[in-house]
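> Residues are numbered in my numbering as their position in the sequence shown, beginning at 1, plus a constant of 531. This structure is in structure tokens; I'll ask about it shortly.
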Amino acid sequence: MKRIIILMLACTMVFGAVVSSSATEFKASGTLDMAFEWLDNPNPREASNGDYFTAIQRLRTKIDIIANESLKGVYYLEVGTIRWGDTDTFGRGSGGAIGTDGVNVETKRLYLDFQMPHTSLSLRMGLQGLAFPGLANNNPVLDDDVAAVVANYAFSDRFNVVAAWARAADTENYTPATPTSKTKYDVFTIIGGLNFEPVTVVPYIAYATIGRNADVNSGIPLGIPLATDDRDVWWLGVSAQSACWERLNLAFDFVWGQSNGSDMPAGLTNVNSRDQSGFYALLHADYKMENYTPTIDLWYASGDDDSETGDGNYLPEISAGGLALTNLGTDGGFFDTTDNAFTLSGIGTMGVVLGITEVTFIENVTHDFKVAWMQGTSDYSSTAVVDTFPTDEDRAWEFNIDTNWQMYENLAAIVELGYLNPDYKSVSGEEAVFKAALGFQYSY
Numbered sequence: 532m533k534r535i536i537i538l539m540l541a542c543t544m545v546f547g548a549v550v551s552s553s554a555t556e557f558k559a560s561g562t563l564d565m566a567f568e569w570l571d572n573p574n575p576r577e578a579s580n581g582d583y584f585t586a587i588q589r590l591r592t593k594i595d596i597i598a599n600e601s602l603k604g605v606y607y608l609e610v611g612t613i614r615w616g617d618t619d620t621f622g623r624g625s626g627g628a629i630g631t632d633g634v635n636v637e638t639k640r641l642y643l644d645f646q647m648p649h650t651s652l653s654l655r656m657g658l659q660g661l662a663f664p665g666l667a668n669n670n671p672v673l674d675d676d677v678a679a680v681v682a683n684y685a686f687s688d689r690f691n692v693v694a695a696w697a698r699a700a701d702t703e704n705y706t707p708a709t710p711t712s713k714t715k716y717d718v719f720t721i722i723g724g725l726n727f728e729p730v731t732v733v734p735y736i737a738y739a740t741i742g743r744n745a746d747v748n749s750g751i752p753l754g755i756p757l758a759t760d761d762r763d764v765w766w767l768g769v770s771a772q773s774a775c776w777e778r779l780n781l782a783f784d785f786v787w788g789q790s791n792g793s794d795m796p797a798g799l800t801n802v803n804s805r806d807q808s809g810f811y812a813l814l815h816a817d818y819k820m821e822n823y824t825p826t827i828d829l830w831y832a833s834g835d836d837d838s839e840t841g842d843g844n845y846l847p848e849i850s851a852g853g854l855a856l857t858n859l860g861t862d863g864g865f866f867d868t869t870d871n872a873f874t875l876s877g878i879g880t881m882g883v884v885l886g887i888t889e890v891t892f893i894e895n896v897t898h899d900f901k902v903a904w905m906q907g908t909s910d911y912s913s914t915a916v917v918d919t920f921p922t923d924e925d926r927a928w929e930f931n932i933d934t935n936w937q938m939y940e941n942l943a944a945i946v947e948l949g950y951l952n953p954d955y956k957s958v959s960g961e962e963a964v965f966k967a968a969l970g971f972q973y974s975y
């Protein structure tokens with residue numbers, strides 16, 4: 532009898548393990564995007580440079596591996612952006628030519644997400660999306676995927692604190708004979724969330740320590756160029772949003788940053804060291820009507836003076852999310868292959884965007900109409916070193932018409948029309964930029 536009971540207990544344990552394993556839930560979500568895009572005069576910094584047509588596609592899939600409401604793992608993969616006809620067969624965006632056999636699956640995010648038992652502390656660690664706060668628009672300093680540990684503690688429904696450490700780069704040479712030092716690029720941040728419904732305020736502070744030999748795969752971030760010494764960078768910022776009025780929404784982003792102790796060249800070798808110190812501010816307002824929503828966006832970011840020997844006045848940037856306001860001059864397009872013609876992050880520029888958005892004439896079809904003016908904030912210089920980004924003598928105005936047709940619950944057709952008229956001091960005979968794009972997005 533005793534043996535039978537032991538056997539039954541063993542079977543119970545086995546079946547219990549099977550049940551526990553089978554209780555793991557898998558959820559997949561993402562988008563499959565297609566786009567056909569045409570540009571005339573794609574580089575506004577040059578005189579007429581022809582036109583450009585491309586067909587592209589991209590797949591993004593997020594897989595949640597859920598054990599329970601307090602524990603899950605996440606795998607986020609991406610295929611693309613694949614340009615039709617691209618003859619590369621290996622690497623990002625490959626496989627667009629005949630045969631279509633590209634080795635092109637990328638790991639975008641891979642992290643563990645769990646809550647500490649019997650506490651209000653949640654932890655997320657691994658390759659993940661990390662962004663400094665931005666309630667009015669994307670953050671101009673950091674909004675990207677990175678290896679990080681993020682802790683979030685909720686003191687109450689109205690107050691929480693987020694602390695994060697991210698390793699942006701580690702290019703250490705592990706060869707014992709010739710080890711490389713000063714190779715780490717680490718970012719630390721503390722973010723406070725204050726919810727005083729209907730007002731939300733999110734202050735934050737961030738610090739980055741960058742070894743002189745550290746490098747970033749994406750290149751040299753604006754405001755933190757290569758150096759011959761270690762660098763320390765600080766940021767202070769606040770993001771706020773108010774919905775005090777039923778139809779009116781207000782949002783504001785501000786961030787100041789300083790990079791010092793760097794011995795950073797201005798752009799040429801043998802030029803004196805340059806510290807960086809600058810700021811960025813953006814105000815957004817929209818007023819929701821029955822069939823449309825008027826919007827306004829105003830932004831200003833400090834720029835450089837015309838000196839090659841003085842310190843810089845750009846806001847130091849890690850990896851910006853992009854100023855998503857218009858579909859051509861800024862980073863607000865459906866695909867990021869035909870925008871950013873004037874600025875990517877907004878750093879070193881100023882501008883205003885007026886819009887009539889969410890206009891509805893037909894059910895499930897909305898239109899956005901926008902007009903924008905933008906200009907650089909750096910002093911103009913005849914030298915190529917300082918005149919790298921838009922100056923106060925460089926400006927452009929833009930007009931957009933965007934249409935979204937929700938064909939099915941999970942399928943949208945998107946049309947983007949854009950016109951950008953630039954005026955660059957250092958360019959003679961530049962021409963306007965025209966854009967027409969047709970996209971399809973399947974969400975699942």
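Glycine residues also receive a C-beta, built at the ideal position from the N, C-alpha and C atoms. Small disclaimer: the values here were computed from a predicted structure and weren't measured.
Along the beta strand (DSSP E) that carries Ile741, what are the first and last residues, could you check?
Here residue 741 is taken as the residue at index 210 of the sequence shown, counted from 1. Counting along the chain, the beta strand (DSSP E) containing Ile741 begins and ends at 730-741.
> Count the C-beta pairs between the region 643-659 and the region 671-687 that are closer than 8 Å, then say yes if the count reaches three, no if not.
Flag = yes, the region 643-659 and the region 671-687 touch.
> Among residues of its own chain, excluding the 5 on either side of Gly624, which ones have a beta-carbon nearer than 7 Å to its beta-carbon?
The count along the sequence shown starts at 1 and reaches residue 624 at position 93. Closer than 7 Å at the Cβ level, and outside the excluded window around Gly624, lie Gly611, Thr612, Ile613, Arg614, Asp617, Asn635.
> For Gly657, report the span of its beta strand (DSSP E) as first-last.
Residue numbering aside, residue 657 sits at position 126 when the sequence shown is read from its first letter. Start and end: 652-662.
> So, helix, strand or coil for His898, using DSSP?
The residue labelled residue 898 in the question sits at position 367 within the sequence shown. The answer is strand: DSSP assigns His898 an E or B state.
> Can you tell me where the beta strand (DSSP E) with Met938 in it begins and where it stops?
By 1-based counting over the sequence shown, the position of residue 938 is 407. Taken as a continuous stretch (DSSP letters only), the beta strand (DSSP E) holding Met938 covers 926-939.
> Please classify Asn895 as buried or exposed, where buried requires at least 16 other C-beta atoms within 10 Å of its C-beta.
Residue 895 sits at position 364 when you count from the first residue of the sequence shown. Answer is exposed; the Cβ neighbour count stays below 16.
> Measuring straight from C-alpha to C-alpha, what distance separates Lys603 and Asp595?
As a position in the sequence shown, residue 603 is number 72, starting the count at 1. As a position in the sequence shown, residue 595 is number 64, starting the count at 1. Answer to the nearest angstrom: the Cα atoms are 7 Å apart.
> Going by beta carbon distance, what residues of the same chain come within less than 8 Å of Arg926, once the five residues before and after it are set aside?
If you number the sequence shown from 1, residue 926 lands on position 395. Within the same chain, Arg926 has close Cβ partners Trp904, Met905, Gln906, Gly907, Pro953, Asp954.
> Quick check on DSSP: helix, strand or coil for Trp569?
As a first step, residue 569 must be located in the sequence shown, where it is residue number 38. Trp569: strand per DSSP, three-state reduction.
> I'd like the list of long-range same chain contacts for Val902, defined as Cβ closer than 6 Å, with 5 residues on each side in sequence excluded.
For the purposes of this step, residue 902 is taken as the residue at position 371 of the sequence shown. The residues are Leu885, Phe930.
> Straight-line CA distance for Met820 to Thr857?
On the sequence shown, position 289 is the one that residue 820 refers to. On the sequence shown, position 326 is the one that residue 857 refers to. If you take the alpha carbons of Met820 and Thr857, they lie about 21 Å apart.
> Taking all protein chains shown into account, do 16 or more other C-beta atoms lie within 10 angstroms of the C-beta of Tyr642, making it buried, or fewer, making it exposed?
For the purposes of this step, residue 642 is taken as residue 111 along the sequence shown, with counting starting at 1. Its Cβ being crowded by 16 or more others within 10 Å, Tyr642 is buried.
> Please state whether DSSP places Ala774 in a helix, a strand or coil.
To locate residue 774, count along the sequence shown from 1; it is residue 243. Residue state, collapsed to three classes: coil.
> Which class does Gly860 belong to by DSSP, given the choice of helix, strand or coil?
Position 329 of the sequence shown, counting from 1, holds the residue named residue 860. Three-state result, Gly860: coil.
> Would you kindly check if the distance between the Cβ of Val769 and the Cβ of Val732 is under 8 Å?
Within the sequence shown, numbered from 1, the residue matching residue 732 stands at position 201. Within the sequence shown, numbered from 1, the residue matching residue 769 stands at position 238. Against a cut-off of 8 Å, the Cβ pair of Val769 and Val732 comes out as a contact.
> Could you please give the first and the last residue of the uninterrupted beta strand (DSSP E) stretch that includes Val672?
Counted from its first residue, the sequence shown places residue 672 at position 141. From DSSP, Val672 is part of no beta strand (DSSP E); its letter is neither H nor E.
> Are there 16 or more other CB atoms within 10 angstroms of the CB of Gln937, so buried, or fewer, so exposed?
For the purposes of this step, residue 937 is taken as residue 406 along the sequence shown, with counting starting at 1. Counting Cβ neighbours within 10 Å, Gln937 comes out exposed, since fewer than 16 surround it.
> Determine, using beta carbons only, whether Ala695 and Tyr716 come nearer to each other than 8 Å.
For the purposes of this step, residue 695 is taken as the residue at position 164 of the sequence shown. For the purposes of this step, residue 716 is taken as the residue at position 185 of the sequence shown. It is not a contact, given that the beta carbons lie outside the stated cut-off.
> Of the residues Leu590, Gly626, Asn668, which one's Cα is nearest the Cα of Leu563?
Here the question's residue 563 lines up with position 32 in the sequence shown. Ranking Leu590, Gly626, Asn668 by Cα distance to Leu563 puts Leu590 first.
> In the DSSP assignment, find the unbroken beta strand (DSSP E) run with Met881 in it and report its ends.
As a working mapping, residue 881 is identified with position 350 in the sequence shown. Unbroken beta strand (DSSP E) run through Met881: 880-893.
> Can you look up Glu961 in the DSSP assignment and give me helix, strand or coil?
Taking the first residue of the sequence shown as 1, we reach residue 961 at position 430. Three-state result, Glu961: strand.
> Counting along the chain, where does the beta strand (DSSP E) carrying Lys476 start and finish?
Nothing can be reported for residue 476: it is not among the residues displayed for the chain, which extend from 532 to 975.
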